[in-house]
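A.B. asks: Top to bottom, those sequences are chains V and W.
FYI, the numbering for the first sequence is 1 to 800, going by UniProt numbering.
FYI, the numbering for the second sequence is 1 to 800, going by UniProt numbering.
Protein chains: 2
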Amino acid sequence: MKINQFAYIPTDHQTILQELKDTRFLDEDNLHIQYPRQLLRDLLVRLYSMHANLSTRLEKISGLLATPTENANTYTNKPGSVDKSAFYNVGLQLLGFLNDLDFSVNDPLKAMKQIGLPIMDAPEQLNRDQVIDAWYRLLNTRNKYGQLLIDYLAGKGYYQQFLKNPTFKKPLFFNGKAQAVFDTSRLVRETVYVESSLDTDHDGRRDLLKANIIRPAETNAGFKAPVIFTADPYSEGMNVKWAEKYAHDNSRPLKHKQPNNLTYADVEFHYQKVDLPAPRTIKGKTNQAGETFTKLWSYSLNDYFLARGFAVVYSGGIGTRDSDGLRTTGTRAETLSATAIIEWLHGDRTAFTNRTDQIAIKAWWSSGSVGMTGRSYLGTLSTAAAFTGVDGLKTSIVEAGLSNYYDYYRENGLVVAPDGDDADALAEYTFSRQQSAADYAQIKDQWLAHLRQMKIDQDHDSGSFNSFWDARRTEKVNHTKADMLLVHGLNDWNVKTSQVWNSRNRLKTRPITQKLILHQGQHEYLNNFRSFDYTDIVNLWLTNKLFNINNQVNEHLADVIVQDNAQPETWTAYPDWGGSESESTIYPLNDLINLNENTIFPDQLPEDDYKVYSNDLKKWHHDLYSRDGSQMDSHCIRLLTKRLNEDLVIDGRPSISLRVATNQEFGMISVALVDYGKARRLTESPQTIDSMRILQGYHWRKDDLKEFLPQKTETDFKRITQAHMNMQNRNNSYKVDELNAMTFYRLDFPFQPTVWRLLKGHQLGIVIYASDMEYTVHGNQDVYYTVDLKKSHLNIPKLK
Amino acid sequence: MKINQFAYIPTDHQTILQELKDTRFLDEDNLHIQYPRQLLRDLLVRLYSMHANLSTRLEKISGLLATPTENANTYTNKPGSVDKSAFYNVGLQLLGFLNDLDFSVNDPLKAMKQIGLPIMDAPEQLNRDQVIDAWYRLLNTRNKYGQLLIDYLAGKGYYQQFLKNPTFKKPLFFNGKAQAVFDTSRLVRETVYVESSLDTDHDGRRDLLKANIIRPAETNAGFKAPVIFTADPYSEGMNVKWAEKYAHDNSRPLKHKQPNNLTYADVEFHYQKVDLPAPRTIKGKTNQAGETFTKLWSYSLNDYFLARGFAVVYSGGIGTRDSDGLRTTGTRAETLSATAIIEWLHGDRTAFTNRTDQIAIKAWWSSGSVGMTGRSYLGTLSTAAAFTGVDGLKTSIVEAGLSNYYDYYRENGLVVAPDGDDADALAEYTFSRQQSAADYAQIKDQWLAHLRQMKIDQDHDSGSFNSFWDARRTEKVNHTKADMLLVHGLNDWNVKTSQVWNSRNRLKTRPITQKLILHQGQHEYLNNFRSFDYTDIVNLWLTNKLFNINNQVNEHLADVIVQDNAQPETWTAYPDWGGSESESTIYPLNDLINLNENTIFPDQLPEDDYKVYSNDLKKWHHDLYSRDGSQMDSHCIRLLTKRLNEDLVIDGRPSISLRVATNQEFGMISVALVDYGKARRLTESPQTIDSMRILQGYHWRKDDLKEFLPQKTETDFKRITQAHMNMQNRNNSYKVDELNAMTFYRLDFPFQPTVWRLLKGHQLGIVIYASDMEYTVHGNQDVYYTVDLKKSHLNIPKLK
């Protein structure tokens, strides 16, 4: 077990004294205690003060061993200094670690070092001030259940007893993080309708956008809450079944495309100025909302902050149930339907209490400081909103967000969407107005026409870039003023890493602070892991950005944190990703071991194999990379380096340069980089290691504790990254070039960026193949490919 | 989609009027409305009255289609009768069903019939009284999300607005079920220590037992709450890692046992009268507890009742953290540590505020009526407590509970525990005192000695019944006064169906009401299924048993409800299980199709196969039953009936009578009944079909909606039931008989009871084999078995 902590801010003794007073661990009653042991006793009695009864508290203390032979009650019931080992024996038990399993009371420091828990730099005997400092650090140490001890205590009711005391600070900050001192049982839930500057359903009225607000009851007494806003197109319902019929069948042939001479200017999208209907007349004003709601899906990261004084706002945006408009999958209109909510939260836009009465209501309870959160489509909208530079948005926290829809659904002139997804299918999936039967009856014809047009414009058949896709490059506009925290999974093959790579590079041109976290998962949340203090990082971040607390997060938090793929529970700080700390290394392909001695390969599989693979993509992936012999052996080229003499860390965006010929007038090439070598690799989906263990507040939400655990058995290989190219788009994704049969062409294209450690003894592999059963069209066509390995090479950015 | 509803109580119009008044759907303001449409409008406005704003409510009504062309707002804004189809169009939408997906507004009744939703027996035009009756029935109809509409509305805040009105009833009952009108945000959580009449750790003081109480705040104002009590030995922590080293290795040889002449009198356990320490002196009294707690694991069935006026109490029992005593795995002492809590709740026993001060505290907030709930070990304790006839216990709801530990860990003289589990390992697993380091330090030596003695006494090596196991037959004592609701999975191979079969038969001798529910799952909860209204049944049951409301549950609820294995989402009422409605049918084994023509088979597998199967029990099970040819073909006898001409329903406990010889002086026989025939069978684990969809109260817990769905592909077979016997225990499980090599013996033994429908065209199969890789010891010994099929037969209880 390893615990990594990035969000602790080193704090001086004077500040510690003040913060311990603020949190009621110190006050006039115990500050005079001179004997370290008696002070520790008093601190322990306070730690258990959620129990009204003193005897109960002492019973709890009696249950802790201070030394192998003495419990903490008797140990602290005498004068003298505190043995460091006694302090940490007690500390480890408070953190939930078990004697004789996680540590031994005979040598607590040994286990702490192994786990990675902080130990005070002090002599073996702690004096009074050292006990205070060590106590502070202990409260700010993560426990066995993935929480800071202070957060765990808050969940157990520690702060509850002080909340009615008028001198108790609210909001309260401890080591730079907002504390769970708000009453989640009294949260106010209300709905408003923000009037946007859009009329996407062309009904002659500006689109009203429903916003669901959860705010602390304390706002009713004057507290102005900072706001976490999540633009969530899924929040009002998903048309799972209805969208199924919009799925595209990718088991179809690749076709020759008519060459063109398009330049970017030809495909650039230009916004047309449209006449907007006049705003609705404001017929009255109120501070009182008239609608409430119950949230079904719970975004646990947001819930955590509800106990800490933040308000949380959700909005589905245009085309979602109870809002106006149409879904468009990633256009500026969707972005503006997110920024409209922020403008209202910042005081710059009108909202109404309902869709009928035109009674305006202000976000009078909002501090005006907004941070966005969300994963996937939600993260995409956080990114897009930040790029606009909208006032009031202080930060976006983007988990697996897009910045470019072309790169989501296409790659170098090829369709690359799994499951036949495309922009039209996603539009239908999120158009939850359809679930409101009477509303849908009025808009049905327009909606179906809109979908038909999307289907044409997205040009699924060609896979080329066009102005439809240019309109869905949210990165195009970059007026970003918000600080950005980007989070992405290095094994995310839904939203791929080029999205965060591009976002990050675009943001580098802006005068903002950005941070990056890369983990070993697929398309996952990170806020319930034991080995990594993501929640605390976000708390530190939002406390700074939205509460304006100067907690030095910009300076103190590492710019890039990467989870190691080769060692479980290991997270490392880096100065950059694919920056000057890595150097380009060329691998001529002809110098590598050619596993099956192939240089020519047919794409076509025997019909039986094709069927088996179509129904079992896992088997196809396995056979494609496996070096143990499979039906794929003759359908790809597998190249391997020698065994590595030392660890090799790929850091950034590898690329490949190939000379390829085909026997047809169309063709595609796919390439995967593979880590070969026996290892127990990490699971890409989080595994629950303790259910309902994380207490997000006092009798508030609980969350499962998770981890990417090592798999139970060793595997011989793992794909690191991959890339695909339509040979007719060898120059770019919109210009279609001629392709003559039996003619060699040079293809230069990049992989999805990564950070990957290949261990000493492993081999780096390159697997070159054509159609991708999971990603691209795959018609099992009679096509041969020849690769001129002598004139081909791989380029790896290698960490120096 | 099918929805089965068992917990609706037919209600007359006068009672309907009163209950609709109680729930505020009717009052003086709308009872005078004569036009049916306008009354429906008023009811709809009230349904949405959680929204303060009238315009908002009308907007919601406008979102519903009443007819293909008119929304419910305009439809109800005129005089006249209500079209039945309009009523149910609106009704279906209120229930969450989607037009053009789940139903069509052109013919709502068609979908309702298919789904199984109740339609009022009324003409096409509903008059005023019919609208009222249909509205009442609609509120008591289950929605798409597995909830009654009234419960869904409560979750959305419908009742919330009335709670401060002193004329509003609390508790409130609707169609015989307690309503979610209690304020879960103010629940009181407190801990007491009940003094038991036990001293299982022999420290000269009676064992104190920690009890964690969650009670409605309304009890502080005089409300006396009925109590749901769950005795949960896992609640204070589980020693997962520590228990691992107590696992027994079952990959070991079966041994010859020394014959004996034991009678039951020789192995009967007799309780020794022990001198009990005097009770603690009561040094004071209080009504105020001094300790609080935070519950991690949430038992969603209990949580549901917290919103409905029930208190919920959890206690780990002897040997769990913060209690005294030792874990014993199923002895009377464990039962008494559960009944001690009931006695306190009923006013018959002392509890203290803490372990130190001897200040007594009564359960002053308790109505004295207690019902127990729980699954597995928890259900075992509910059963055991009921058998004692303890005062105050009005009912036990037993999900997959044991009544006999021998039948859990052994079968006919064989060990049958998967994963090498046994009584000692479970004792260690639940001995959570070990997690309190200082407490454990004092008791460690005694605990280890106790475990060593358990290991000797349980006699894992022989598998025979002895007085250790007789002491763990909780069914022995049967003074049951409580009404019983038993629930069990027909595919539960953890707690097997003989447990509920035996409990039920024992309970038949008592003057109580018992009901039984058998589902198609493994070891699962049922309270979050869409197709079955288990939660409502339990509500009806507990409202009757604990609130003493005369809701006719005894008379109205079917005695036995069984989920069909052959049709998804189908639950059927039966008068009994394996009673007079089924008749015994004999199948001579020699008349059956002998698939591999085996009558003799070796148990021993080639070493490679043995290894593969040891690591892949799923494959072993597949190969054992498969008729497609496998490595198991020569290691078993597979017998099949002809294809069935009509459905065959096995109802009760089949048995087999075999003549068997072996070439050794030891031997075991296993037999499985198998349903052969292609079908998409149900998953045995619940699948989530909609996450966090069930609202258990207003801003209270949510639960995932689940179902046993049909598997994605067809399978050729499924095991129905199985049985195992040590040939030396052919008379009973304690008397060991001689076994001579090459000599035929008659073995008569029963299968686990079941209810199973074999469809017409399927074949009933019998697979006879020896060692069971999953269940029994399996040493891969060189043993041959010969079965004299001419003198062997199967006995099936067949539903007439």
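Heads up, the beta-carbon is just placed ideally off N, CA and C, and yes, glycines get one too.
Remember, predicted model here, so these are calculated numbers, not experimental data.
Please specify which runs of the alpha helix (DSSP H), each continuous and at least 4 residues long, are wholly inside the segment 461–492 of chain W, giving them in chain order.
C.D. replies: The qualifying runs are 467–470.
A.B. asks: At a Cβ cut of 9 angstroms, what residues of the segment 40–51 of chain W count as close to chain V, listed as they run along the chain?
C.D. replies: Within the segment 40–51 of chain W, the residues whose Cβ lies closer than 9 angstroms to some Cβ of chain V are 50 and 51, listed in chain order.
A.B. asks: Run through the DSSP bridge pairs and tell me what residue 264(W) is partnered with.
C.D. replies: Here residue 264(W) is taken as the residue at index 264 of the second sequence, counted from 1. Paired residue(s): none; residue 264(W) is not in a bridge.
A.B. asks: Identify, in the order they occur along the chain, each residue of the same chain with its Cβ nearer than 6 angstroms to the Cβ of residue 760(W), setting aside the five sequence neighbours on each side.
C.D. replies: Taking the second sequence and counting its residues from 1, the one referred to as residue 760(W) is at position 760. Result list for residue 760(W): 644, 646 and 647, in chain order.
A.B. asks: Would you tell me roughly how many angstroms separate the C-alpha atoms of residue 656(W) and residue 795(W), rounded to the nearest one?
C.D. replies: Working through the second sequence from its first residue, we reach residue 656(W) at position 656. Working through the second sequence from its first residue, we reach residue 795(W) at position 795. Straight-line Cα distance between these residues: approximately 6 angstroms.
A.B. asks: Tell me the start and end of each unbroken alpha helix (DSSP H) in the segment 39–92 of chain V that is at least 4 residues and wholly inside, in chain order.
C.D. replies: Whole alpha helix (DSSP H) segments, 4+ residues: 54–62 and 72–75.
A.B. asks: Just reading off the beta strand (DSSP E) that residue 670(V) is part of, what are its end residues?
C.D. replies: Here residue 670(V) refers to the residue found at position 670 of the first sequence. Per DSSP, residue 670(V) belongs to the beta strand (DSSP E) from 668–679.
A.B. asks: Would you identify the three-state DSSP class for residue 622(V), choosing helix, strand or coil?
C.D. replies: Numbered from its first residue, the first sequence carries residue 622(V) at position 622. Note: residue 622(V) maps to helix in three-state DSSP.
A.B. asks: Are the Cβ atoms of residue 259(W) and residue 777(W) separated by less than 8 angstroms?
C.D. replies: Taking the first residue of the second sequence as position 1, residue 259(W) is located at position 259. Taking the first residue of the second sequence as position 1, residue 777(W) is located at position 777. No, these two residues do not count as a Cβ contact at 8 angstroms.
A.B. asks: Anyone know if the C-beta pair for residue 499(W) and residue 407(W) falls short of 8 angstroms?
C.D. replies: Taking the first residue of the second sequence as position 1, residue 499(W) is located at position 499. Taking the first residue of the second sequence as position 1, residue 407(W) is located at position 407. Going by C-beta atoms, residue 499(W) is nearer than 8 angstroms to residue 407(W).
A.B. asks: Would you mind listing the beta strand (DSSP E) stretches within the segment 541–609 of chain V that are 3+ residues and don't spill past its ends, in chain order?
C.D. replies: As far as the segment 541–609 of chain V is concerned, its whole beta strand (DSSP E) runs of at least 3 residues are 560–563, 571–574, 582–588 and 600–602.
A.B. asks: Which parts of the segment 161–207 of chain V are runs of the beta strand (DSSP E), unbroken and 3 residues or longer, counting only runs that do not cross its ends?
C.D. replies: Runs found: 188–195.
A.B. asks: Out of 244(V), 708(V) and 173(V), state which residue places its alpha-carbon closest to the alpha-carbon of residue 541(V).
C.D. replies: As a position in the first sequence, residue 541(V) is number 541, starting the count at 1. The shortest Cα separation from residue 541(V) among 244(V), 708(V) and 173(V) belongs to 173(V).
A.B. asks: Does residue 742(W) pass the burial test, meaning 16 or more other C-beta atoms within 10 Å, or should it be called exposed?
C.D. replies: Position 742 of the second sequence, counted from the start, is the residue given in the question as residue 742(W). Exposed, since its Cβ has fewer than 16 Cβ neighbours within 10 Å.
A.B. asks: Please tell me whether residue 201(V) has its Cβ less than 8 angstroms away from any Cβ of chain W.
C.D. replies: Counting from one through the first sequence, the residue named residue 201(V) turns up at place 201. Chain W contact via Cβ: absent.
A.B. asks: Does residue 1(W) come within less than 8 angstroms of chain V when only Cβ atoms are used?
C.D. replies: Indexing the second sequence from 1 puts residue 1(W) at position 1. It does not: the Cβ of residue 1(W) has no partner Cβ on chain V nearer than 8 angstroms.
A.B. asks: Find the residues of chain W that neighbour residue 53(V), judging by a C-beta separation of less than 7 angstroms, and give them in chain order.
C.D. replies: Along the first sequence, one-based indexing puts residue 53(V) at 53. Result: 290, 291, 353 and 354.
A.B. asks: Return the first residue and the last residue of the alpha helix (DSSP H) that residue 430(W) is part of.
C.D. replies: The residue labelled residue 430(W) in the question sits at position 430 within the second sequence. Start and end: 423–430.
A.B. asks: Residue 752(V) and residue 770(V) - do their beta-carbons sit closer together than 8 angstroms?
C.D. replies: The residue labelled residue 770(V) in the question sits at position 770 within the first sequence. The residue labelled residue 752(V) in the question sits at position 752 within the first sequence. In this structure, residue 752(V) does not lie closer than 8 angstroms to residue 770(V) by Cβ.
A.B. asks: Compute the beta-carbon to beta-carbon distance between residue 115(V) and residue 1(V), rounded to the nearest angstrom, for a pair I have assumed lies under 8 angstroms.
C.D. replies: Working through the first sequence from its first residue, we reach residue 115(V) at position 115. Working through the first sequence from its first residue, we reach residue 1(V) at position 1. Right, their Cβ atoms sit about 6 angstroms apart.
A.B. asks: Name the one or two DSSP bridge partners that residue 652(V) has.
C.D. replies: Counting from one through the first sequence, the residue named residue 652(V) turns up at place 652. DSSP, once it has assigned bridges, lists 754(V) as partnering residue 652(V).
A.B. asks: Buried or exposed, going by whether 16 or more other CB atoms sit within 10 Å of the CB of residue 278(W)?
C.D. replies: By 1-based counting over the second sequence, the position of residue 278(W) is 278. It is exposed - the Cβ of residue 278(W) has fewer than 16 other Cβ atoms within 10 Å.
A.B. asks: Assuming residue 388(V) and residue 477(V) form a contact by the criterion Cβ under 8 angstroms, report the distance between their Cβ atoms to the nearest whole angstrom.
C.D. replies: By one-based count along the first sequence, residue 388(V) stands at place 388. By one-based count along the first sequence, residue 477(V) stands at place 477. Contact flag correct, Cβ pair sits at about 6 angstroms.
A.B. asks: With H, G and I counted as helix, E and B as strand and the rest as coil, what does DSSP make of residue 227(V)?
C.D. replies: The count along the first sequence starts at 1 and reaches residue 227(V) at position 227. Strand, per DSSP.
A.B. asks: Is the beta carbon of residue 190(V) sitting closer than 8 angstroms to the one on residue 320(V)?
C.D. replies: Within the first sequence, numbered from 1, the residue matching residue 190(V) stands at position 190. Within the first sequence, numbered from 1, the residue matching residue 320(V) stands at position 320. It is not a contact, given that the beta carbons lie outside the stated cut-off.
A.B. asks: Give the range of the beta strand (DSSP E) segment to which residue 355(W) is assigned.
C.D. replies: Within the second sequence, residue 355(W) is the residue found at index 355, counting from 1. Careful: residue 355(W) lies outside any beta strand (DSSP E) and carries neither H nor E.
A.B. asks: Measuring only between beta-carbons, confirm whether residue 296(V) sits less than 8 angstroms from chain W.
C.D. replies: Along the first sequence, read from residue 1 onward, the residue named residue 296(V) stands at position 296. True, the Cβ-Cβ gap to chain W drops below 8 angstroms.
A.B. asks: What's the gap between the Cα of residue 91(V) and the Cα of residue 292(V)?
C.D. replies: Here residue 91(V) corresponds to residue number 91 of the first sequence, with the count starting at 1. Here residue 292(V) corresponds to residue number 292 of the first sequence, with the count starting at 1. Going by the C-alpha atoms only, they are around 44 angstroms apart.
A.B. asks: Mind checking which residues open and close the beta strand (DSSP E) that includes residue 514(W)?
C.D. replies: On the second sequence, position 514 is the one that residue 514(W) refers to. 514–519 is the span of the beta strand (DSSP E), which, as asked, contains residue 514(W).
A.B. asks: Check each residue of the segment 99–111 of chain W: if its Cβ is closer than 9 angstroms to any Cβ of chain V, include it; give the result in chain order.
C.D. replies: Answer in chain order: 99, 100, 101 and 105.
A.B. asks: Using only alpha-carbon positions, find the residue among 696(V), 766(V) and 689(V) that is nearest to residue 598(V).
C.D. replies: Position 598 of the first sequence, counted from the first residue, corresponds to residue 598(V). Measuring from the Cα of residue 598(V), the nearest candidate turns out to be 766(V).
A.B. asks: Excluding the 5 residues preceding and the 5 following residue 544(W) in the sequence, name in chain order all residues of the same chain whose CB lies nearer than 6 angstroms to its CB.
C.D. replies: In the second sequence, residue 544(W) corresponds to position 544, counting from 1. Closer than 6 angstroms at the Cβ level, and outside the excluded window around residue 544(W), lie 551 and 553.
A.B. asks: Counting only beta-carbon separations shorter than 8 angstroms, does residue 59(V) have a partner in chain W?
C.D. replies: Here residue 59(V) refers to the residue found at position 59 of the first sequence. Cβ-Cβ to chain W under 8 angstroms: yes for residue 59(V).
A.B. asks: Would you list, in chain order, the members of the segment 437–460 of chain W that have their beta-carbon closer than 7 angstroms to a beta-carbon of chain V?
C.D. replies: If the cut-off is 7 angstroms between Cβ atoms, the segment 437–460 of chain W has 437, 438, 439 and 441 near chain V.
A.B. asks: Give the DSSP-derived three-state secondary structure of residue 9(V) in the structure shown.
C.D. replies: Numbered from its first residue, the first sequence carries residue 9(V) at position 9. If DSSP states are grouped into helix, strand and coil, residue 9(V) belongs with coil.
A.B. asks: What whole-angstrom Cβ distance do residue 569(W) and residue 707(W) have, given they're in contact under 8 angstroms?
C.D. replies: Counting from 1 along the second sequence, the entry for residue 569(W) is found at position 569. Counting from 1 along the second sequence, the entry for residue 707(W) is found at position 707. So it is a contact: roughly 7 angstroms between Cβ atoms.
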